[in-house]
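**Q**
2 protein chains.
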Amino acid sequence: MKDVAARAGVGLKTVSRVVNEEPGVTPDTAARVQAAIDALGFRRNDSARLLRTRRTASVGLVLEDLADPFYAALSRAVEDVARSHGALLFTGSSAEDPRREQELVLAFCARRVDGLVVVPAGEDHRYLLPEIAAGVATVFVDRPAGRLDADVVLTDNAGGTREGVAHLIAHGHRRIGFIGDQPGIHTAGERLRGYREAMAAAGLAVRPEWYAMGPTTPERVEAALDAMLNGTEPVTALFAGNNRVTVTAVRVLAARPDPVALVGFDDFELADVLDPAITVVAQDAPGIGRVAAQQLFRRLDGIAAEEATRTELPVRLIERGSGEIPPAR
Amino acid sequence: MKDVAARAGVGLKTVSRVVNEEPGVTPDTAARVQAAIDALGFRRNDSARLLRTRRTASVGLVLEDLADPFYAALSRAVEDVARSHGALLFTGSSAEDPRREQELVLAFCARRVDGLVVVPAGEDHRYLLPEIAAGVATVFVDRPAGRLDADVVLTDNAGGTREGVAHLIAHGHRRIGFIGDQPGIHTAGERLRGYREAMAAAGLAVRPEWYAMGPTTPERVEAALDAMLNGTEPVTALFAGNNRVTVTAVRVLAARPDPVALVGFDDFELADVLDPAITVVAQDAPGIGRVAAQQLFRRLDGIAAEEATRTELPVRLIERGSGEIPPAR
DNA sequence: CAAGAGATGGACAACGTTGTCACGAACAGG
DNA sequence: CCTGTTCGTGACAACGTTGTCCATCTCTTG
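Residue numbers (the numbering used here), protein chains in the order written: chain A, 1086 to 1414; chain B, 1086 to 1414.
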């Protein structure tokens, strides 16, 4: 900038005025400055600018895995809202590791992001207290923050699962299995709760071998499913606790001679083309991201109420057939 | 930092030394400084630090759509490599709009990212010349840069398509259709070329109504496919030019009474569970991202050769059955 | 023609760090 | 006891911007 000023024969501040299109510069000088800028290939250094203005126009997004379709869609929505507010987006995957989540969050804070959208991996987010006090707007998505009062955007996990399980019950099933993610994960727990509630509401007992919580690796899911289907009281239908589980379940069930009813949490591509087409409880990934990001910017604009908000987005049961398969016996 | 220094009764620089774990500080003073840091909840401002050190430890990733599974996987790989080099990742989706791509790239450059990984949307990337001259390492992925000599990581689009089309020919097909993305997109053009080459190599003529290039919206793909299947010389097999097209094709073909052979470019989840299971030419999305990011950091370390490199990753034909359906007549 | 108003431009400090250098104290060697 | 070396420390400038404030210059107006 100094070079540009020298070349154009003007002061530093005048260059700054031209670059920022501030008023009070003769068209003539502006042209001279612009020419110098072009000649020197000058580009304003936004880091320095932002250091001075104390707004970084960037937000950080921490989620579990950028490659998961659910989070990919969520990211894209957050990105779009950020862009519409003139902010850039840092992204990072925690891989469900609290330490990594904290590392990422603190790295973003050290860069002085204006705000954070976090899919919490850990149990305790009090490490964020000083940051929030320092003015970093923070919105949690998909799961509530641990031991921290902050904005959160969730889906109706328990309700959605209840609806999905009730759908299976309505089609005659009495022995229904549930395979979920690791029990420590909030969404997994909520969905398990929904399953229990739906069963209880129908007066159905739940045998311990009918539900299994754990990592969503294909091996684990396959083993759990096999155990449910081959026990003394085999299940006739399965509720899959998330899209990873559903996908593996579809594979395993396709290899069996007799059809097994299936409803999954989370929609996924091609669910409608499978045979049978898969009935799912769909959550609105872009919607969650959008609402969260909007809440973030509302906070940044200082418009938001002081208290933490809790938004719960509805889910939608999409009936495609796999939930209507009758019990084998 | 000034406050910390005052509270600990030391100089500014000593605090800096403690924060950066530089040698030459008595354990005693270090402890005093640390106490002040904790008391004040001080966190170093990395923006300022990076302004001073002139390295931002961040890279920018511009791609078409973060929500596309292919790019999501690629992003994750880039992120992992960046993390292992201690860098944070800015991401942005261009939505296939050259203006938006340029906006994003320049915004990243204004933040003085150390490097860029770009899936080019436009035809002309000379606007990047000054940035590259200024030292921003740049690697293009998936498609080569327009009118610019830079590192690029590609997949073997033409070769992969040749192989896929040859697979259909080997199973008796003579009239084979091709539906690709917009003709301006490099990968789309290369795949079309592969299709033509495979047909020519087998001595088969290609009728103009057998191939269609354009947006990958379901409507367009469906219309194109209908036209090919209902013409006077209907195709008996289809090569789908990318995962969006394949997905729509699967839907359309599933609704037809007579089976049509299909091979798609890009693997996708559940391709193996469909009936018939879909044969695909799989590219290695994480591999592309990883190789590109590694090349980027090689440049940043100054280890890389001066000349631009061009890496072409192989593809893999995964035979699952849909390519082996014989011609209807 | 003087004076006030408005337009235009520049000097300077500040944002929060780090690199450079110099200073003083402690210590070892002659 | 003097000199030279090492170690710990802090003052200061610099990174590249922008906000504040003041100086100048050119009009208009009484």
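Here a beta-carbon is modelled for each residue, glycine too, at the ideal position from N, C-alpha and C.
Is the CB of residue 1349 (chain B) under 8 Å away from at least one CB in chain A?
**A** No, its Cβ sits nowhere closer than 8 Å to a Cβ of chain A.
**Q** What does a CB cutoff of less than 6 Å around residue 1321 (chain A) pick up in its chain, not counting 5 residues either side in sequence?
**A** If we look at residue 1321 (chain A) and ignore the five residues flanking it on each side, its Cβ neighbours are 1258, 1260, 1412 and 1413.
**Q** Using a beta-carbon distance below 8 Å, is residue 1164 (chain B) in contact with chain A?
**A** Judged by the 8 Å Cβ criterion, residue 1164 (chain B) is in contact with chain A.
**Q** Roughly how many angstroms lie between the CA atoms of residue 1353 (chain A) and residue 1328 (chain A), to the nearest whole one?
**A** If I take the Cα positions, the gap works out to 7 Å.
**Q** What does DSSP give as the partner residues of residue 1296 (chain A) in its beta bridges?
**A** A:1263, per the DSSP bridge assignment.
**Q** In its own chain, which residues sit with a C-beta less than 6 Å from the C-beta of residue 1301 (chain A), not counting the 5 before and 5 after it?
**A** Excluding residues within five positions, the ones whose Cβ falls inside 6 Å are 1266, 1329 and 1330.
**Q** Taking buried to mean at least 16 other C-beta atoms within 10 Å of its own C-beta, is residue 1343 (chain B) buried or exposed?
**A** The residue is exposed, with fewer than 16 neighbouring Cβ atoms inside 10 Å.
**Q** Let me see if you follow: with CB-CB separation under 8 Å, is residue 1343 (chain A) close to chain B or not?
**A** Not one chain B Cβ lies under 8 Å of residue 1343 (chain A).
**Q** With a cut-off of 8 Å, do at least 3 Cβ pairs link the stretch 1193 to 1209 of chain B to the stretch 1096 to 1112 of chain A?
**A** The stretch 1193 to 1209 of chain B, when compared against the stretch 1096 to 1112 of chain A, does not touch it at the 8 Å Cβ threshold.
**Q** So, are the CB atoms of residue 1376 (chain A) and residue 1221 (chain A) less than 8 Å apart?
**A** No; because the gap between Cβ atoms is not below 8 Å, this pair is not in contact.
**Q** To the nearest angstrom, how far is it from the Cα of residue 1271 (chain A) to the Cα of residue 1146 (chain A)?
**A** C-alpha separation (whole angstroms): 19 Å.
**Q** Mind checking if residue 1130 (chain A) is an interface residue toward chain B, Cβ cutoff 8 Å exclusive?
**A** Yes, its Cβ sits closer than 8 Å to a Cβ of chain B.
**Q** Measuring only between beta-carbons, confirm whether residue 1355 (chain A) sits less than 8 Å from chain B.
**A** It does; some Cβ of chain B falls within 8 Å.
**Q** Can you name, in chain order, every residue of its own chain whose Cβ lies under 8 Å from the Cβ of residue 1243 (chain B), other than the five neighbours on each side?
**A** Excluding sequence neighbours, residue 1243 (chain B) sits near 1275, 1276, 1278, 1279 and 1282.
**Q** Give the residues from the stretch 1313 to 1327 of chain B that approach chain A closer than 7 Å (Cβ to any Cβ), ordered along the chain.
**A** Per Cβ criterion, the list is empty.
**Q** Rank B:1192, B:1155 and B:1230 by C-alpha distance to the C-alpha of residue 1393 (chain B) and give the top, closest one.
**A** The residue with the shortest Cα to Cα distance from residue 1393 (chain B) is B:1230.
**Q** Listing by chain order, which chain B residues have their CB less than 8 Å from the CB of residue 1177 (chain A)?
**A** 1164, 1168, 1173 and 1174, listed in chain order.
**Q** Since residue 1117 (chain B) meets chain A, which of its residues come closer than 7 Å, beta carbon to beta carbon?
**A** Within 7 Å Cβ-Cβ: nothing; residue 1117 (chain B) doesn't reach chain A, min ~20 Å.
**Q** Would residue 1190 (chain A) and residue 1252 (chain A) be called neighbours here (beta carbons separated by less than 8 Å)?
**A** Result no, Cβ atoms of residue 1190 (chain A) and residue 1252 (chain A) do not sit closer than 8 Å.
**Q** Could you please tell me which residues of the stretch 1182 to 1216 of chain A, in chain order, have their CB closer than 7 Å to any CB of chain B?
**A** So the close ones are 1192, 1194, 1195, 1196, 1197 and 1215.
**Q** If you measure from the beta carbon of residue 1161 (chain B) to each beta carbon in chain A, is any gap under 8 Å?
**A** At least one chain A Cβ lies under 8 Å of residue 1161 (chain B).
**Q** Am I right that residue 1263 (chain A) and residue 1296 (chain A) are in contact with their C-beta atoms under 8 Å? What's the rounded C-beta distance?
**A** Confirmed, Cβ separation roughly 4 Å.
**Q** If contact means a Cβ-Cβ distance below 8 Å, which residues of the stretch 1220 to 1253 of chain A contact chain B?
**A** Under the 8 Å Cβ criterion, the stretch 1220 to 1253 of chain A contributes no residue.
**Q** At the level of alpha carbons, what is the spacing between residue 1405 (chain A) and residue 1359 (chain A)?
**A** Computed Cα separation, rounded: 10 Å.
**Q** Applying the 10 Å Cβ sphere with the 16-neighbour rule, what's the burial state of residue 1116 (chain A)?
**A** Flag for residue 1116 (chain A) reads exposed.
**Q** Please list, in chain order, the chain A residues whose beta carbon lies closer than 9 Å to that of residue 1364 (chain B).
**A** Neighbours of residue 1364 (chain B) on chain A: none; closest Cβ ~15 Å, over 9 Å.
**Q** Going along chain B in order, which residues have a C-beta closer than 8 Å to the C-beta of residue 1133 (chain A)?
**A** The contacting residues are 1136.
**Q** What would DSSP say about residue 1387 (chain B), mapped onto helix, strand or coil?
**A** Here residue 1387 (chain B) sits in coil by DSSP.
**Q** Of all the options B:1092, B:1205, B:1383 and B:1152, which has the alpha carbon lying nearest to the alpha carbon of residue 1185 (chain B)?
**A** If we check each option's Cα against that of residue 1185 (chain B), B:1205 comes out closest.
**Q** With a floor of 3 residues, list each beta strand (DSSP E) that falls wholly inside the stretch 1211 to 1239 of chain B, ordered by position along the chain.
**A** List check, beta strand (DSSP E) in window: 1222 to 1226.
**Q** Near residue 1380 (chain A), what residues of its chain come up, given a Cβ to Cβ distance below 8 Å and the 5 sequence neighbours on each side ignored?
**A** The answer, listed in chain order, is 1224, 1236, 1238, 1389, 1394 and 1396.
**Q** Do residue 1159 (chain B) and residue 1174 (chain B) have their C-beta atoms closer together than 8 Å?
**A** Contact: no.
**Q** Which class does residue 1374 (chain B) belong to by DSSP, given the choice of helix, strand or coil?
**A** It is helical.
**Q** Extract the residue ranges of the beta strand (DSSP E) inside the stretch 1157 to 1211 of chain A, only unbroken runs of 3 or more that lie entirely within it.
**A** Qualifying beta strand (DSSP E) stretches, in chain order: 1173 to 1178 and 1200 to 1203.
**Q** For a quick check, are the C-beta atoms of residue 1400 (chain A) and residue 1345 (chain A) less than 8 Å apart?
**A** Not closer than 8 Å, so no.
**Q** Can you list, in chain order, the residues of its chain whose CB lies under 7 Å from that of residue 1202 (chain B), leaving out five sequence neighbours each side?
**A** Correct list, in chain order: 1144, 1146, 1163, 1224, 1226, 1377, 1378 and 1381.
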